[in-house]
Amino acid sequence: MFKHTFTTFMLLAGLGTLFVSCGYLLGGASGMTIALIMALVINTITLFFGDSIVLTIMSAQPLERETHSKIYDMTADLCHEMQIPLPRLWLLPSQTANAFATGRSPAHSSVAISTGLLTILESHEVRGVIAHELSHIKNRDILVATSAATLATAISYLGHMTQRMFFWQALSGNNRNRQGNIVGVLVSAIVMPLAAMIVQLGISRSREYLADETGAHYSHDPLALASALEKLHNHTQHGFAQENATATTSISSLFIVHPFSASSVMELFSTHPPIHKRVARLRALYEKRF
21 MFKHTFTTFM
31 LLAGLGTLFV
41 SCGYLLGGAS
51 GMTIALIMAL
61 VINTITLFFG
71 DSIVLTIMSA
81 QPLERETHSK
91 IYDMTADLCH
101 EMQIPLPRLW
111 LLPSQTANAF
121 ATGRSPAHSS
131 VAISTGLLTI
141 LESHEVRGVI
151 AHELSHIKNR
161 DILVATSAAT
171 LATAISYLGH
181 MTQRMFFWQA
191 LSGNNRNRQG
201 NIVGVLVSAI
211 VMPLAAMIVQ
221 LGISRSREYL
231 ADETGAHYSH
241 DPLALASALE
251 KLHNHTQHGF
261 AQENATATTS
271 ISSLFIVHPF
281 SASSVMELFS
291 THPPIHKRVA
301 RLRALYEKRF
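Pasting the structure below:
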């Protein structure tokens, strides 16, 4: 667990360094300040109201305790193990098998599971999925993701500002140090936003690995989560229809598995680690600890 936490810390530090460097290349403190303020405003709204927005987008309904008492019981047991409050539980009216957690803190959190997931998974596998989602809550991954998004958004915005400033300088005929400006524009407008995206993806993948490991630790059943991940992945790869594909794409990073099939090239830019690597790690964890 320390390895993934340390990796996340270093990646966040890297994003911070990229942000400062991009501001330096832009050549002014005012642009940096404006970009940071805008990114903070956007991501503060996401942090405090993002859970409601996401649940509304996915047409989530409260999970009925009378009908799904076993899920409430297993969630309560896992929350007791993890020493976190019981989150609100939601049902996604979708045949696409998936689940996600959202909320800014353990005291303000939700876990949503789809009807498709309940259809294809056995009880112990559902428990493994819930343990994974509760781990995101315990590890405050929504807060980490928002921090990463704040910095990445600011870097991207500074890159766009650099492009526009260079464009207007060219129109005005100000060619002094133009060659040096071109290098600065290329670095701050193209290289740094791309680097920020890659680092942000690295943070997301690191938190997925950490949630897998944390969930396996508290559920005492790494193989249940491994089996669930394989089933969910196969369900996606076989091309099951997405009832709300546009909305699902916008929040795909939240789900336990990426909700769409992807080519090997696209996997390089996925917010999720490859399933076979996650399963291999869980099986190795079982052999080591259980």
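Just so we're aligned, residue 21 is where the sequence shown starts under the numbering used here, counting upward by one. Just so you know, even glycine gets a beta-carbon here, dropped at the ideal spot from N, CA and C. Model, not experiment: these values are computed from the prediction.
Backbone CA spacing between Ala246 and Ala304 [nearest angstrom] = For the purposes of this step, residue 246 is taken as the residue at position 226 of the sequence shown. For the purposes of this step, residue 304 is taken as the residue at position 284 of the sequence shown. Straight-line Cα distance between these residues: approximately 11 Å.
Is there contact here, the segment 74-82 with the segment 112-119, by at least three beta-carbon pairs under 8 Å?
-> yes
Within the same chain, show all residues whose beta-carbon is closer than 8 Å to that of Arg108, passing over the 5 residues directly before and after it, in chain order.
-> Translated into positions along the sequence shown, residue 108 becomes position 88. So the list reads Pro82, Ser129, Ser130 and Val131, once near-sequence residues are dropped.
In angstroms with no decimal places, state the Cα-to-Cα distance between Ser290 and Leu221.
-> Translated into the one-based positions of the sequence shown, residue 290 becomes position 270. Translated into the one-based positions of the sequence shown, residue 221 becomes position 201. Going from the Cα of Ser290 to the Cα of Leu221 covers about 7 Å.
Is it true that the CB of Ala248 sits closer than 7 Å to the CB of Leu141?
-> Counted from its first residue, the sequence shown places residue 141 at position 121. Counted from its first residue, the sequence shown places residue 248 at position 228. Against a cut-off of 7 Å, the Cβ pair of Ala248 and Leu141 comes out as a contact.
Where Arg160 sits in the DSSP three-state scheme = Position 140 of the sequence shown, counting from 1, holds the residue named residue 160. Arg160: coil per DSSP, three-state reduction.
Within the segment 72-139, ranges of the alpha helix (DSSP H) (whole runs, at least 4 residues) = 89-102
In terms of residues, what are the limits of the alpha helix (DSSP H) holding Val299?
-> For the purposes of this step, residue 299 is identified with residue 279 of the sequence shown, where counting begins at 1. It spans Ile295 to Arg309 - the alpha helix (DSSP H) in which Val299 sits, taken as one unbroken run.
Outcome for Phe120 when other beta-carbon atoms lying within 10 angstroms are tallied against a minimum of 16 | In the sequence shown, counting from the first residue as 1, residue 120 sits at position 100. Its Cβ being crowded by 16 or more others within 10 Å, Phe120 is buried.
Alpha-carbon to alpha-carbon, Leu154 and Ser272 = Taking the first residue of the sequence shown as 1, we reach residue 272 at position 252. Taking the first residue of the sequence shown as 1, we reach residue 154 at position 134. Cα-Cα distance, rounded: 18 Å.
Member of Ala117, Gln103, Arg85 and His253 whose CA lies at the smallest distance from the CA of His292 = In the sequence shown, the residue the question calls residue 292 occupies position 272. The option with the nearest alpha carbon to His292 is His253.
When the Cα atoms are used, what is the spatial distance from Tyr306 to Ala127?
-> Counting from 1 along the sequence shown, the entry for residue 306 is found at position 286. Counting from 1 along the sequence shown, the entry for residue 127 is found at position 107. Taking the straight line from one Cα to the other gives about 31 Å.
Could you say which of Ser89, Asn159, Thr122 and Pro294 lies nearest to Arg147 if we only look at CA atoms?
-> Indexing the sequence shown from 1 puts residue 147 at position 127. Checking every option, the nearest Cα to that of Arg147 belongs to Ser89.
Exposure of Val61, with buried meaning 16 or more beta-carbon neighbours within 10 Å | Along the sequence shown, one-based indexing puts residue 61 at 41. Exposed: under 16 other Cβ atoms inside 10 Å.
Taking only the alpha-carbon atoms, compute the straight-line gap between Glu101 and Lys158 and give it to the nearest angstrom.
-> As a first step, residue 101 must be located in the sequence shown, where it is residue number 81. As a first step, residue 158 must be located in the sequence shown, where it is residue number 138. Using only the alpha carbons, I get a separation of about 11 Å.
Sequence-distant residues of the same chain with beta carbon closer than 6 Å to Tyr92, five excluded per side | Reading the sequence shown from its first residue, position 72 is the one you call residue 92. The residues are Arg85.
With burial defined as no fewer than 16 other Cβ atoms inside 10 Å of the residue's Cβ, what is the status of Ser224: buried or exposed?
-> Here the question's residue 224 lines up with position 204 in the sequence shown. Buried.
Take His24 and list the residues in its own chain whose beta-carbon comes closer than 6 Å to its own, dropping the five residues that flank it on each side.
-> Stepping through the sequence shown from its first residue, residue 24 is reached at position 4. Confidence at His24 is low in this model, with a pLDDT of 46, below 50, so its placement is unreliable and the value that follows should be read with caution. Only Ser226, Tyr229 and Leu230 meet the Cβ criterion.
From the DSSP output, which residues share a beta bridge with Phe275?
-> For the purposes of this step, residue 275 is identified with residue 255 of the sequence shown, where counting begins at 1. For Phe275, which the question treats as bridged, DSSP gives the partners Phe120.
How should Pro279 be labelled, buried or exposed, when 16 other C-beta atoms within 10 angstroms of its C-beta is the threshold for buried?
-> Walking along the sequence shown from the start, residue 279 turns up at place 259. Buried, by the Cβ-count rule.
Looking only at its own chain, which residues have a Cβ that is under 6 Å from the Cβ of Leu274, when we skip the five neighbours before and after it?
-> Taking the sequence shown and counting its residues from 1, the one referred to as residue 274 is at position 254. The residues are Phe120.
How close, in whole Å, do the beta carbons of Thr122 and Gly136 come, if the pair is a contact with beta carbons under 8 Å?
-> Against the sequence shown, residue 122 aligns to sequence position 102. Against the sequence shown, residue 136 aligns to sequence position 116. At roughly 19 Å, the Cβ-Cβ gap does not stay under 8 Å, so Thr122 and Gly136 are not in contact.
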